[in-house]
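If you read the sequences in order, they're chains A and B. The working numbering applies: residue 1 is where the first sequence begins, and numbers increase by one. The working numbering applies: residue 1001 is where the second sequence begins, and numbers increase by one. Just below is one structure, and these are the notes that go with it.
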Amino acid sequence: GAVVSQHPSWVICKSGTSVKIECRSLDFQATTMFWYRQFPKQSLMLMATSNEGSKATYEQGVEKDKFLINHASLTLSTLTVTSAHPEDSSFYICSAGPGAYEQYFGPGTRLTVT
Amino acid sequence: QKEVEQNSGPLSVPEGAIASLNCTYSDRGSQSFFWYRQYSGKSPELIMFIYSNGDKEDGRFTAQLNKASQYVSLLIRDSQPSDSATYLCAVDSGAGSYQLTFGKGTKLSVIP
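This is how it looks when you write it as structure tokens:
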């Protein structure tokens, strides 16, 4: 299957700081990537759809000014959590796919805000 | 609103048995159906996808799709303890969208 990477795999930051998470498609190009968040023992929650060369589409209830998404190339999307707070601590996962519907997940980034 | 329903489990099966995981979906326009496996603390891993009615086999896994009944299932033959994980059913949003709608997942435990 296709390979999607994420960096960093885990990060600890202080409340009020910003954190950038990278998602890369390693062996294919992706015009669309997705960002999810997952709290412990809960299901995946789609946060936003990242579109190469255009603005991201955010799901209802997700603050676009807090979760900044930039899809600058066909292989890279970034999610920046601005002014992070402890309630933003979660497992952030991106997905992308080489085809119309197949989506492969990155390994995830575990964010802890202290 | 598109919905994907799964029994949350846990589903416990003895080692070597067949595990049967079920999923129903609400959108008749959906065309593509996926099964992901997620180990605790890890991201989901795509294990099967199916587009056409009927069965699709890949090793010990068989996906079954019945669009008329809006039902998709995953059978795991000769279940192994390493199959113990949460299995997520996902359905496309149709209309050319790449977006998937996920069920909440079924937790499977294979007992040695």
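Each residue gets a CB set at the ideal place from its N, CA and C atoms; glycine is no exception. The structure displayed is predicted, hence computed values, not measured ones.
Per-residue burial, residue i [other beta carbons within 10 Å of its own, 16 or more giving buried]
i: G61(A); result: exposed
i: Q6(A); result: buried
i: P40(A); result: exposed
i: V3(A); result: exposed
i: T109(A); result: buried
i: A30(A); result: buried
i: S1026(B); result: exposed
Counterpart residues of residue i in DSSP-defined beta bridges
i: N70(A); result: T78(A)
i: S1073(B); result: N1022(B), Q1064(B)
i: Y1087(B); result: R1037(B), T1106(B)
i: V3(A); result: None, per the DSSP bridge assignment.
i: T49(A); result: F34(A), T57(A)
i: T1101(B); result: V1091(B)
i: I93(A); result: Y36(A)
Nearest to residue i (by Cα), restricted to the options the options
i: E22(A); options: T114(A), H71(A), R37(A), A2(A); result: H71(A)
i: T49(A); options: E63(A), Y58(A), F28(A); result: Y58(A)
i: F105(A); options: A1017(B), A1090(B), G1054(B); result: A1090(B)
i: K1002(B); options: E1045(B), T1062(B), Q1070(B); result: Q1070(B)
i: S18(A); options: A96(A), Y36(A), C94(A), S83(A); result: S83(A)
i: N1066(B); options: C1023(B), E1005(B), Y1036(B); result: C1023(B)
i: S1109(B); options: T1101(B), Q1099(B), A1019(B); result: A1019(B)
i: E87(A); options: E102(A), L111(A), L79(A); result: L111(A)
i: K55(A); options: S43(A), M45(A), S77(A), L46(A); result: S77(A)
i: G99(A); options: P8(A), T32(A), V11(A), F91(A); result: T32(A)
i: S90(A); options: D27(A), S25(A), M45(A); result: M45(A)
i: S43(A); options: G97(A), G53(A), I93(A); result: I93(A)
i: L68(A); options: L74(A), M47(A), T75(A); result: M47(A)
C-beta contact flag for residue i and residue j at 8 Å
i: M1048(B); j: L1088(B); result: no
i: S15(A); j: V81(A); result: no
i: E1005(B); j: G1103(B); result: yes
i: S1032(B); j: D1092(B); result: yes
i: A1063(B); j: I1050(B); result: yes
i: S1030(B); j: G1094(B); result: yes
7 Å CB neighbourhood of residue i in its chain, flanking five on each side removed
i: A1085(B); result: R1037, Q1038, Y1039, L1108
i: D1078(B); result: G1016, R1060
Neighbourhood of residue i by C-beta distance below 6 Å, restricted to the same chain and skipping five residues each side
i: P1014(B); result: I1111
i: R24(A); result: S5, T75, L76
Same chain only: Cβ atoms within 8 Å of residue i, ignoring 5 sequence neighbours per side
i: C13(A); result: V19, A84, L111, T112, V113, T114
i: S9(A); result: P107, G108, T109, R110
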